[in-house]
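**Q** This is the structure I want to talk about, given as structure tokens.
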Amino acid sequence: MAGRRSYFDHAATTPMRPEAVEAMLPFLSGNFGNPSGSHAESRRARRAVDDARDQVALLLGADPGEVVFTSGGTEADNLAVAGAWEAMVATSPTPATSLVCSAMEHHAVLNACRALARRTGAELREVRTGKDGIIDLDALAEACTPEVGLVSVMTVNNEIGTVQPIGSVTAVVRHRSPSALVHTDAVQAVPWLDGRELTAGADLVAISAHKFGGPKGVGALVVRDGTVVHPILHGGGQERDRRSGTHNVAGIVSMAAALAATDSDRPSTVERVGRMRDRLGDGLLATVAGTSETGERSARTAGHLHLRFAGIESEALVVLLDEAGVAVSAGAACSSGAVEASHVLESMGFSREEATGGIRISLGATTTEADIDHALAVVPGAVAQLRD
Amino acid sequence: MRVLVALSGGVDSSVAAALVAEQYGRDQVVGATLKLWGGASDSGCCSVADVEDARRVADQLGLVHHVFNFAAGFDERVVDPYVRGHAEGRTPNPCIECNRHLKFDRLLERARTLGFDAVATGHHARRVTTAEGRFRLCRGADPLKDQSYVLAMLGQDQLARTVFPVGELTKGQVRDEARRLGLRTAGKPDSQDVCFIRADQGRAAFLASRIPLHPGRLVDHETGEDLGPVEAVELVTVGQRRGMGHATDGKRRFVTAVDIANRRVSIGSPEAAHASDVRLHTVSWVDGAPAGLGGLGGPGGPHHGAGGADVGDEADVGAEAGVAVLAQCSAHGHPVPSSVQLVGDELSIVFGAPQRRVAPGQTVALYDPDHPDTVVGSGIAG
Numbered sequence: 181m182a183g184r185r186s187y188f189d190h191a192a193t194t195p196m197r198p199e200a201v202e203a204m205l206p207f208l209s210g211n212f213g214n215p216s217g218s219h220a221e222s223r224r225a226r227r228a229v230d231d232a233r234d235q236v237a238l239l240l241g242a243d244p245g246e247v248v249f250t251s252g253g254t255e256a257d258n259l260a261v262a263g264a265w266e267a268m269v270a271t272s273p274t275p276a277t278s279l280v281c282s283a284m285e286h287h288a289v290l291n292a293c294r295a296l297a298r299r300t301g302a303e304l305r306e307v308r309t310g311k312d313g314i315i316d317l318d319a320l321a322e323a324c325t326p327e328v329g330l331v332s333v334m335t336v337n338n339e340i341g342t343v344q345p346i347g348s349v350t351a352v353v354r355h356r357s358p359s360a361l362v363h364t365d366a367v368q369a370v371p372w373l374d375g376r377e378l379t380a381g382a383d384l385v386a387i388s389a390h391k392f393g394g395p396k397g398v399g400a401l402v403v404r405d406g407t408v409v410h411p412i413l414h415g416g417g418q419e420r421d422r423r424s425g426t427h428n429v430a431g432i433v434s435m436a437a438a439l440a441a442t443d444s445d446r447p448s449t450v451e452r453v454g455r456m457r458d459r460l461g462d463g464l465l466a467t468v469a470g471t472s473e474t475g476e477r478s479a480r481t482a483g484h485l486h487l488r489f490a491g492i493e494s495e496a497l498v499v500l501l502d503e504a505g506v507a508v509s510a511g512a513a514c515s516s517g518a519v520e521a522s523h524v525l526e527s528m529g530f531s532r533e534e535a536t537g538g539i540r541i542s543l544g545a546t547t548t549e550a551d552i553d554h555a556l557a558v559v560p561g562a563v564a565q566l567r568d
Numbered sequence: 006m007r008v009l010v011a012l013s014g015g016v017d018s019s020v021a022a023a024l025v026a027e028q029y030g031r032d033q034v035v036g037a038t039l040k041l042w043g044g045a046s047d048s049g050c051c052s053v054a055d056v057e058d059a060r061r062v063a064d065q066l067g068l069v070h071h072v073f074n075f076a077a078g079f080d081e082r083v084v085d086p087y088v089r090g091h092a093e094g095r096t097p098n099p100c101i102e103c104n105r106h107l108k109f110d111r112l113l114e115r116a117r118t119l120g121f122d123a124v125a126t127g128h129h130a131r132r133v134t135t136a137e138g139r140f141r142l143c144r145g146a147d148p149l150k151d152q153s154y155v156l157a158m159l160g161q162d163q164l165a166r167t168v169f170p171v172g173e174l175t176k177g178q179v180r181d182e183a184r185r186l187g188l189r190t191a192g193k194p195d196s197q198d199v200c201f202i203r204a205d206q207g208r209a210a211f212l213a214s215r216i217p218l219h220p221g222r223l224v225d226h227e228t229g230e231d232l233g234p235v236e237a238v239e240l241v242t243v244g245q246r247r248g249m250g251h252a253t254d255g256k257r258r259f260v261t262a263v264d265i266a267n268r269r270v271s272i273g274s275p276e277a278a279h280a281s282d283v284r285l286h287t288v289s290w291v292d293g294a295p296a297g298l299g300g301l302g303g304p305g306g307p308h309h310g311a312g313g314a315d316v317g318d319e320a321d322v323g324a325e326a327g328v329a330v331l332a333q334c335s336a337h338g339h340p341v342p343s344s345v346q347l348v349g350d351e352l353s354i355v356f357g358a359p360q361r362r363v364a365p366g367q368t369v370a371l372y373d374p375d376h377p378d379t380v381v382g383s384g385i386a387g
């Protein structure tokens, strides 16, 4: 298998779908217009953005006017947290003073919430996760008091892949914090879960194109009718004054094409990838002693597998597997590229030692049985070498 | 031969990487940058800008590059002891502790488990292999940049798996080589000071944010006379001159002792600030203890003075007893002819002439008087 590369980091990013590449090309050359103009070139571009908006809205179960295009998931999360909070404070006669998020949120939400709390003096309550990788609903209920104005709980965790019970979360929030908005970061969910169900119940939903075969640098925030977000980027007032900046036309068109392709073959992809994931997970659990799976597999998307190998450092395992042609990830990477201790595993109550040997193996639409064979062949040896 | 080269983002390690890549082939060499410090930093080896420089140098040399996060170990082994040391009246050398516990322990171990035969670093020091297959640790070729002092705790196990590719070069030659190769780090200034303390913040503010600082009194070393207040006893180091003023006879005054418990800093004349001996713990030898050490009765080795002093009896330690060494008490201090003798598992050094007192926590590196470039061992002043 010399020279072979097997890619198991689809949760970080996944290859673009051919349909998405095809769709964006015209807008990188001939069809170059700025949608915010009054001539034929602009109209063509505008038409493309509007068509893409219709398609994205349809596939997310939203109205076109509820879709705000952004530069990606991080901007969508920041717009949801800061923009919704600012609008709430500006319009409510009795503004909320607290916000709630799960402790396992992606840093795009976690750090947006922490920054908001620092900036405004609002109190941030971070809700712990159970060992099953699911938010503790009792702890959530405890955190949700009447003065809470925003609750953010991700749809699928990016490190361990557990699907969060957003329906129950929303029910808890509506009951206990009636004036609170519910935001969900659905960035990891789109490849695996029906988009039309993602937005049910939540007031704000963030997605990112490159997680489902679109290009990097484009995403969207669904803002439910009746929910107001103030812009965090100020400028020409695009996106109904919710997100200024010239539209990334090629990216938006491409994202819509990727979403359409993902949606049309999602059932078969989930079935096929899930079977491969189980073969890989069961194979490694059976052949590598001292291996545990993090969280409940039944609660996980088809593409995620998270394993902890006792007695090794995942940072070293990632290097060895990379040399052997297998790309996996060890928790979240910081700006320097170093592996950081996982706040997700910490939120689940794992010790630093337990969390140290954890790796994320994430599959995608392009994963093949040969990739699984490759990983099954090299992972046991690599773990053994590190334990030596 | 597979080599893991430690890239700090500076010019020395950049050129070290270029040299090992040239020698062993770039497919045999992988670059690694250590993330050591999670807090804010503007110098040293851990800022994002330095990691970028390291990565871009690796790219240019065609090397795979990784970042290893050793921040937790660095906190535990370097930063915490540094802070605790100050709270207890000691002044540890964080670079030496980082070399001891991170670069030449955890990194060597990481390299071993990943299947590398050696780690290369950009230190200005030389490893010389003897005819018997032993390793000597020698000063770098550039006397102004020699870093053998901060490596003096290394032993055979570590040296067997370490190479210092720029040790034979002067700093000027390193920069010339970097320029010739077009490396972006060619003109980068040398790192200064302690890497985890921001220059604009300084040591005092760094320590103040971690430990309580206590005001104290300055007292005369000889008479015990109260000479005035001192802002924080934890910030004072034995041997320090700055801020201690002048005596009535106009002579500068130096710190001779720091007594944290009683919040007292003794100061005295330059003569009082000198001592004729020092006691070291955490003693290590590059290639075993020198023959004759500890007065076991036998004659000294061929390169050492005569042994023969009694073991364990401090009173008998004299300049003529023990084993002859050159003792260097700071990174760029002058090596002083001295004699050493074991006292239990500690080492007693008697200087040939009185030296500025060595602050507790500081390292003394020992060199071979017959081969003044060769490190014999080291220890930490108690």
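Protein sequences appear in the order of chains A and B. Take 181 as the starting number for the first sequence in this note's numbering and just add one per residue. Take 6 as the starting number for the second sequence in this note's numbering and just add one per residue. Beta carbons are placed, not taken as given, at the ideal position from N, Cα and C, and that holds for glycine.
1. Are three or more beta carbon pairs between the segment 539 to 546 of chain A and the segment 89 to 107 of chain B nearer than 8 Å?
2. If you measure between the beta carbons of residue 374 of chain A and residue 246 of chain A, is that distance less than 9 Å?
3. Going by DSSP, which residues form a beta bridge with residue 342 of chain B?
4. Cβ atoms of residue 398 of chain A and residue 385 of chain A: under 9 Å apart, would you say?
5. Hey, how far is the Cα of residue 525 of chain A from the Cα of residue 257 of chain A?
6. Counting beta carbon pairs with one atom in the segment 407 to 418 of chain A and one in the segment 199 to 207 of chain A, are three or more of them shorter than 8 Å?
7. For the 8 Å Cβ check, are there 3 or more pairs between the segment 353 to 368 of chain B and the segment 237 to 256 of chain B?
8. Can at least three beta-carbon pairs, one atom from the segment 124 to 143 of chain B and one from the segment 186 to 193 of chain B, be found at a separation below 8 Å?
9. Report the residue ranges of all beta strand (DSSP E) runs contained in full by the segment 270 to 309 of chain A; include only those spanning at least 3 residues, in chain order.
10. Given residue 63 of chain B, which residues of its chain have a CB within under 8 Å of its CB, disregarding the five upstream and five downstream residues?
11. Under three-state DSSP, which class holds residue 337 of chain B?
12. Helix, strand or coil: how does DSSP classify residue 356 of chain B here?
13. Quick one: which unbroken beta strand (DSSP E) runs of 3-plus residues sit fully inside the segment 206 to 246 of chain B? Chain order, please.
14. Are the CB atoms of residue 352 of chain B and residue 288 of chain B within a distance shorter than 9 Å?
15. In the structure shown, what three-state DSSP assignment does residue 527 of chain A receive?
16. Can you confirm whether residue 79 of chain B, when its beta carbon is compared against all beta carbons of chain A, has any partner nearer than 9 Å?
17. Tell me whether residue 537 of chain A is buried or exposed, calling it buried when 16 or more other Cβ atoms sit within 10 Å of its Cβ.
18. Select from the segment 105 to 124 of chain B all residues with a C-beta closer than 8 Å to any C-beta belonging to chain E, and list them in chain order.
19. Counting only Cβ-Cβ distances shorter than 7 Å, please list the residues of the segment 217 to 229 of chain B near chain A, keeping chain order.
20. Can you tell me whether residue 214 of chain B is buried or exposed, with buried defined as 16 or more other CB within 10 angstroms of its CB?
21. How about residue 280 of chain A and residue 348 of chain A: are their beta carbons less than 9 Å apart?
22. If you drop the 5 nearest sequence neighbours on each side, which residues of the same chain put their C-beta closer than 6 Å to that of residue 422 of chain A?
23. Answer yes or no: do residue 340 of chain A and residue 474 of chain A have a C-beta to C-beta separation smaller than 9 Å?
24. Are residue 305 of chain A and residue 272 of chain A closer than 9 Å when you measure CB to CB?
25. Secondary structure at residue 569 of chain A, three-state DSSP: helix, strand or coil?
26. Closest Cβ-Cβ distance between residue 507 of chain A and chain B: below 9 Å?
27. Scan the segment 107 to 133 of chain B and note each continuous alpha helix (DSSP H) run of 4 residues or more that stays entirely inside, going in chain order.
28. Is the distance from the Cβ of residue 186 of chain A to the Cβ of residue 507 of chain A below 9 Å?
29. If we define contact as Cβ-Cβ less than 9 Å, is residue 455 of chain A a contact residue for chain B?
30. Assuming residue 238 of chain B contacts residue 231 of chain B under a Cβ cut-off of 8 Å, what Cβ separation, rounded to an integer in Å, is found between them?
31. For residue 562 of chain A, tell me which candidate among A/492, A/519, A/326 and A/552 has the shortest Cα-Cα distance.
32. Under 9 Å, Cβ to Cβ, is there at least one residue of chain A near residue 40 of chain B?
33. Jot down the residue ranges of each uninterrupted beta strand (DSSP E) in the segment 399 to 460 of chain A, minimum 3 residues, whole runs only, in chain order.
34. So, is the C-beta of residue 356 of chain B closer than 9 Å to a C-beta in chain A?
35. Tell me the DSSP secondary structure of residue 348 of chain A in three-state form.
36. Quick one: Cα of residue 467 of chain A to Cα of residue 558 of chain A, how far?
**A** A quick look at the data gives this:
1. no
2. Your numbering for residue 374 of chain A matches position 194 in the first sequence. Your numbering for residue 246 of chain A matches position 66 in the first sequence. Contact flag unset, no.
3. On the second sequence, residue 342 of chain B is found 337 positions in, with the first residue counted as 1. DSSP, once it has assigned bridges, lists B/331 as partnering residue 342 of chain B.
4. The residue given as residue 385 of chain A occupies position 205 in the first sequence. The residue given as residue 398 of chain A occupies position 218 in the first sequence. Their beta carbons are not under 9 Å apart, which means residue 385 of chain A does not touch residue 398 of chain A by this criterion.
5. Start at 1 with the first residue of the first sequence, and residue 525 of chain A comes out as number 345. Start at 1 with the first residue of the first sequence, and residue 257 of chain A comes out as number 77. Cα-Cα distance, rounded: 22 Å.
6. Counting Cβ pairs under 8 Å, fewer than three are found: no touch.
7. yes
8. no
9. 278 to 282 and 303 to 307
10. By one-based count along the second sequence, residue 63 of chain B stands at place 58. Result list for residue 63 of chain B: 12, 22, 36, 69 and 70, in chain order.
11. Numbered from its first residue, the second sequence carries residue 337 of chain B at position 332. Residue state, collapsed to three classes: coil.
12. Within the second sequence, residue 356 of chain B is the residue found at index 351, counting from 1. Here residue 356 of chain B sits in strand by DSSP.
13. 221 to 225 and 231 to 235
14. In the second sequence, residue 288 of chain B corresponds to position 283, counting from 1. In the second sequence, residue 352 of chain B corresponds to position 347, counting from 1. With contacts defined as CB atoms closer than 9 Å, residue 288 of chain B and residue 352 of chain B qualify as a contacting pair.
15. Indexing the first sequence from 1 puts residue 527 of chain A at position 347. Three-state DSSP puts residue 527 of chain A in a helix.
16. Taking the second sequence and counting its residues from 1, one reaches residue 79 of chain B at position 74. Not closer than 9 Å to any Cβ of chain A, the Cβ of residue 79 of chain B fails to qualify, so no.
17. Translated into positions along the first sequence, residue 537 of chain A becomes position 357. Under this definition residue 537 of chain A is a buried residue.
18. Of the protein chains in this structure, namely A and B, none is chain E.
19. none
20. Position 209 of the second sequence, counted from the first residue, corresponds to residue 214 of chain B. Burial call: exposed.
21. On the first sequence, position 100 is the one that residue 280 of chain A refers to. On the first sequence, position 168 is the one that residue 348 of chain A refers to. Their beta carbons are not under 9 Å apart, which means residue 280 of chain A does not touch residue 348 of chain A by this criterion.
22. Here residue 422 of chain A refers to the residue found at position 242 of the first sequence. Apart from sequence neighbours up to five positions away, the residues of its chain that approach residue 422 of chain A with a beta-carbon distance below 6 Å are 248, 409 and 411, ordered along the chain.
23. Within the first sequence, residue 340 of chain A is the residue found at index 160, counting from 1. Within the first sequence, residue 474 of chain A is the residue found at index 294, counting from 1. For residue 340 of chain A and residue 474 of chain A, yes; Cβs fall inside 9 Å.
24. Position 125 of the first sequence, counted from the start, is the residue given in the question as residue 305 of chain A. Position 92 of the first sequence, counted from the start, is the residue given in the question as residue 272 of chain A. Contact flag unset, no.
25. Examination of residue 569 of chain A is not possible in this model, given that chain A is present from 181 through 568 alone.
26. Locating residue 507 of chain A in the first sequence gives position 327, counting from the first residue. No, residue 507 of chain A does not count as interfacial toward chain B.
27. 112 to 118
28. On the first sequence, position 6 is the one that residue 186 of chain A refers to. On the first sequence, position 327 is the one that residue 507 of chain A refers to. Here residue 186 of chain A is near residue 507 of chain A, since their CB atoms are less than 9 Å apart.
29. Position 275 of the first sequence, counting from 1, holds the residue named residue 455 of chain A. So no, residue 455 of chain A is outside the interface.
30. Taking the second sequence and counting its residues from 1, one reaches residue 238 of chain B at position 233. Taking the second sequence and counting its residues from 1, one reaches residue 231 of chain B at position 226. Incorrect: roughly 14 Å between the Cβ atoms, too far for contact.
31. Here residue 562 of chain A refers to the residue found at position 382 when the first sequence is read from its first residue. For the residues A/492, A/519, A/326 and A/552, the minimum Cα distance to residue 562 of chain A belongs to A/492.
32. Within the second sequence, numbered from 1, the residue matching residue 40 of chain B stands at position 35. Interface residue, yes.
33. 399 to 403
34. If you number the second sequence from 1, residue 356 of chain B lands on position 351. No, because no Cβ of chain A sits closer than 9 Å to the Cβ of residue 356 of chain B.
35. As a working mapping, residue 348 of chain A is identified with position 168 in the first sequence. In the structure shown, residue 348 of chain A sits in a helix (DSSP, three-state: H, G or I).
36. Counted from its first residue, the first sequence places residue 467 of chain A at position 287. Counted from its first residue, the first sequence places residue 558 of chain A at position 378. If you take the alpha carbons of residue 467 of chain A and residue 558 of chain A, they lie about 11 Å apart.
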